[in-house]
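Q: The working numbering numbers the first residue of the sequence shown as 25 and each following residue consecutively. The beta-carbon is built from N, C-alpha and C at its ideal position, and this holds for glycine as well.
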Amino acid sequence: MSETTAPPSTAIPDPRPRVDVPSDTMTVRGGVPVDGALTIRGSKNALPKAMVAALLTEETCRLTNIAAIRDIEVVEELIGIAGGTVEHDADSITITAHTFTALGESDVERLHNASRIPILTTAVSLHRTGEAVVAAPGGCAIGPRPVDFHLSVLRALGARDEHHDGMIHLRADRLHGARIDLPFPSVGATEQFLFASVLAEGDSELANAAIEPEILDLIAVLQKMGALISVEPNRTIRVTGVDQLGGFEHRVIGDRLEAASWASLALATGGRLTVEGVQQQDLATFLNVYRRAGGDFTIDAEGNRIEFTRARRMLRPLALETDVHPGFMTDWQSPFVTALTQADGVSVVHETVYEDRLGYTEALRTLGAQIQVFTECLGPTRCRFGAANHRHSAVVVGPTKLHGAELVVPDLRAGFSYVAAAAAADGESVIHGVGLLDRGYAEFRHKLAAVGIDHS
Ligand code: EPU
25 MSETTAPPST AIPDPRPRVD VPSDTMTVRG GVPVDGALTI RGSKNALPKA MVAALLTEET
85 CRLTNIAAIR DIEVVEELIG IAGGTVEHDA DSITITAHTF TALGESDVER LHNASRIPIL
145 TTAVSLHRTG EAVVAAPGGC AIGPRPVDFH LSVLRALGAR DEHHDGMIHL RADRLHGARI
205 DLPFPSVGAT EQFLFASVLA EGDSELANAA IEPEILDLIA VLQKMGALIS VEPNRTIRVT
265 GVDQLGGFEH RVIGDRLEAA SWASLALATG GRLTVEGVQQ QDLATFLNVY RRAGGDFTID
325 AEGNRIEFTR ARRMLRPLAL ETDVHPGFMT DWQSPFVTAL TQADGVSVVH ETVYEDRLGY
385 TEALRTLGAQ IQVFTECLGP TRCRFGAANH RHSAVVVGPT KLHGAELVVP DLRAGFSYVA
445 AAAAADGESV IHGVGLLDRG YAEFRHKLAA VGIDHS
């Protein structure tokens with residue numbers, strides 16, 4: 025037999041995927057200050073909601089400034105199952121939902137496990153079909169993520185619900201206006217209220233509403249569609265229901281969570297980073313804290329391009345409390361705490377939005393950080409978690425020299441803080457589960473390379 029004979033046809037096929045799928049484990053070689061520029065696209069927490077708004081009309085809707093993130097794919101899949109179409113080009117998504125079919129239990133369960141967005145289609149489904157299914161909340165790395173506020177909003181507006189086998193079935197003829205007072209300014213419950221009230225009969229009012237920039241962006245979309253919504257100065261949103269809504273074109277706001285994550289990474293490594301595509305006013309509270317901690321920034325005339333640097337060789341410790349807008353966002357907390365491990369002294373962090381969003385500090389300790397978690401409210405606000413014994417405050421002692429370690433990503437923002445810590449640490453870190461970061465950080469690996477982080 026000649027040496028050039030083809031291999032026998034009984035050869036075992038190569039089971040590896042043919043496409044070049046990035047491995048879910050990343051190795052980061054840290055210790056070098058970042059240096060580079062990034063463009064941030066549409067917000068992970070605004071874009072999917074605008075896609076849901078498009079389901080309130082039979083007319084075509086177009087969104088631009090699209091980020092390539094996993095959460096968008098979940099909404100696209102949901103729209104397809106409900107009978108709508110989604111078309112993509114380089115920077116835009118066009119959605120048409122001539123028809124809408126209520127999702128079945130198995131689709132709801134699967135999509136609910138992938139994202140928080142499907143619950144937001146409940147009001148849409150009630151408007152268009154008179155029924156909806158919601159998966160009862162399950163466990164999640166940042167707490168149980170309940171849906172009780174969503175249900176109270178929908179009940180007040182006339183929906184009836186029945187619970188069985190981990191599923192909640194809702195029904196409504198036409199929803200009607202109501203006055204609702206939220207126990208906490210929940211982003212999702214406020215969005216549910218907006219989706220439900222814009223097509224309800226009569227006037228509605230939501231007191232103690234969330235007023236995050238992502239909510240104001242959704243209100244802008246709904247206004248373009250023909251909705252009548254006013255935001256009062258005291259966290260109250262008033263809506264007069266209309267009979268139908270029309271199509272829209274909208275450029276989604278830039279992702280202020282992603283911008284702050286990269287800025288915190290620059291602070292942690294003592295680097296320099298230019299971020300383009302996010303408005304200064306949406307980051308105002310973050311920028312104040314950044315400067316207090318010893319970071320610095322310059323902003324262009326349009327407030328759309330921000331260069332982050334360190335003003336001092338050694339960062340300053342500080343007291344930080346997360347809150348609803350215009351407070352310091354909970355999603356900014358974990359990447360920023362990573363930077364605080366490099367501050368000269370004791371920083372105190374009080375998380376008041378999620379009861380269980382400090383679990384990631386355990387992993388930072390394996391890189392050498394000195395962080396202790398407490399059940400007490402270590403901040404000026406007596407929040408609802410203190411009395412319930414939740415581990416929601418932290419004391420960070422710095423500066424600590426971080427070193428490489430092996431980590432497993434539990435959720436999106438914690439995952440970013442691990443990468444930031446690994447970039448600041450001397451030596452090599454191995455991070456498993458980095459695929460979770462694709463949920464909210466578009467072109468993540470490409471951006472790491474663009475700012476000079478050595479990874480593979
Ligand atoms: N809550 C309830 N009952 C409810 C709803 C919320 O008790 O029915 C509680 C939550 O458990 C939490 C608090 O209210 O303690 C705030 O939750 P909220 O409803 O505001 O959060 P969300 O709408 O589920 C969005 C973002 C989160 C972000 C929060 C706070 C999306 C898809 N998610 O969540 O983003 O942290 O608002 O700003 O918009 C992230 O991007 O990593 C992320 C988790």
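Evaluate Ser-404 with the Cβ neighbour count: other Cβ atoms within 10 Å of its Cβ, from every protein chain shown; 16 or more gives buried, anything less gives exposed.
A: The sequence given here places Pro at residue 404; Ser does not occur at that position. By the 10 Å Cβ count, Pro-404 comes out exposed.
Q: On the DSSP letters alone, give me the boundaries of the alpha helix (DSSP H) that Val-76 sits inside.
A: It spans 71–77 - the alpha helix (DSSP H) in which Val-76 sits, taken as one unbroken run.
Q: Any heavy atom of the ligand EPU closer than 7 Å to the beta-carbon of Gly-464?
A: Yes, the ligand EPU has a heavy atom inside 7 Å of this Cβ.
Q: Just tell me which of Val-245, Ala-287, Arg-336 has its CA closest to the CA of Thr-362.
A: Of the listed residues, the one whose Cα sits closest to Thr-362 is Ala-287.
Q: Report buried or exposed for Ala-92, applying the criterion of at least 16 other Cβ atoms within 10 angstroms of its Cβ.
A: Looking at its Cβ environment, which holds fewer than 16 other Cβ atoms inside 10 Å, Ala-92 is exposed.
Q: Let me confirm a value: Gln-366 is counted as buried when at least 16 other C-beta atoms fall within 10 Å, else exposed. Which label applies?
A: Gln-366 comes out buried.
Q: Beta-carbon separation of Gly-250 and Val-266 under 8 Å?
A: Yes.
Q: Under a Cβ-count criterion, where at least 16 other Cβ atoms within 10 Å of its own Cβ denotes burial, should Gln-357 be classed as buried or exposed?
A: Buried, by the Cβ-count rule.
Q: Using beta-carbon positions only, say whether Ile-96 and Asp-115 come within less than 8 Å of one another.
A: Not in contact: Ile-96 and Asp-115 (Cβ atoms no closer than 8 Å).
Q: Could you have a look at Ala-290 and say whether DSSP puts it in helix, strand or coil?
A: Of the three classes helix, strand and coil, the one that applies to Ala-290 here is helix, per DSSP.
Q: Given a cut-off of 8 Å on the beta-carbon distance, is the pair Thr-51 and Ser-480 in contact?
A: Yes, the pair counts as a contact, with Cβ atoms nearer than the cut-off.
Q: Quick one: give me the first and last residue of the beta strand (DSSP E) that Gln-394 is part of.
A: That run of the beta strand (DSSP E) goes 394–398.
Q: Mind checking which residues open and close the beta strand (DSSP E) that includes Ser-228?
A: 227–231 is the span of the beta strand (DSSP E), which, as asked, contains Ser-228.
Q: DSSP three-state label for Ile-253, please.
A: Three-state DSSP puts Ile-253 in a strand.
Q: Between Ser-285 and the ligand EPU, is the CB less than 7 Å from at least one heavy atom?
A: False, no ligand heavy atom lies under 7 Å from that Cβ.
Q: Sort out for me which residues DSSP pairs Asp-59 with in a bridge.
A: Paired residues: Arg-296.
Q: What did DSSP end up calling Pro-129 once you bin it into helix, strand or coil?
A: Looking at the sequence shown, residue 129 is not Pro but Glu. Three-state DSSP puts Glu-129 in a helix.
Q: Where does Thr-88 sit, in a helix, a strand or coil, going by DSSP?
A: Residue state, collapsed to three classes: strand.
Q: Whole angstroms are fine: how far does the CA of Val-58 sit from the CA of Thr-49?
A: The alpha-carbon atoms of Thr-49 and Val-58 are separated by roughly 21 Å.
Q: By how many angstroms is the C-alpha of Val-454 removed from the C-alpha of Ala-429?
A: Rounded to the nearest angstrom, the two C-alpha atoms are 6 Å apart.
Q: Report yes or no: do three or more beta-carbon pairs, one from the segment 226–241 and one from the segment 198–208, lie closer than 8 Å?
A: Flag = yes, the segment 226–241 and the segment 198–208 touch.
Q: Does the segment 169–181 come close enough to the segment 140–159 that 3 or more CB-CB pairs lie under 8 Å?
A: Touching, per the Cβ criterion.
Q: Bridge partners of Asp-185, per DSSP?
A: For Asp-185, which the question treats as bridged, DSSP gives the partners Leu-194.
Q: Look up Glu-111 in the DSSP assignment and say whether it is helix, strand or coil.
A: Strand, per DSSP.
Q: Out of curiosity, what's the CA-to-CA distance linking Arg-334 and Leu-364?
A: Near 13 Å, if we compare the C-alpha coordinates of Leu-364 and Arg-334.
Q: Heavy atom of the ligand EPU less than 7 Å from the Cβ of Glu-225, yes or no?
A: Not so, every heavy atom of the ligand EPU lies at least 7 Å from the Cβ.
Q: Whole beta strand (DSSP E) runs in the segment 420–454 with 3 or more residues, listed along the chain?
A: Correct list: 430–432.
Q: Leaving out five residues before and five after Arg-316 in sequence, what residues of the same chain have Cβ atoms less than 8 Å from its Cβ?
A: Here the set comprises Arg-340, Leu-342.
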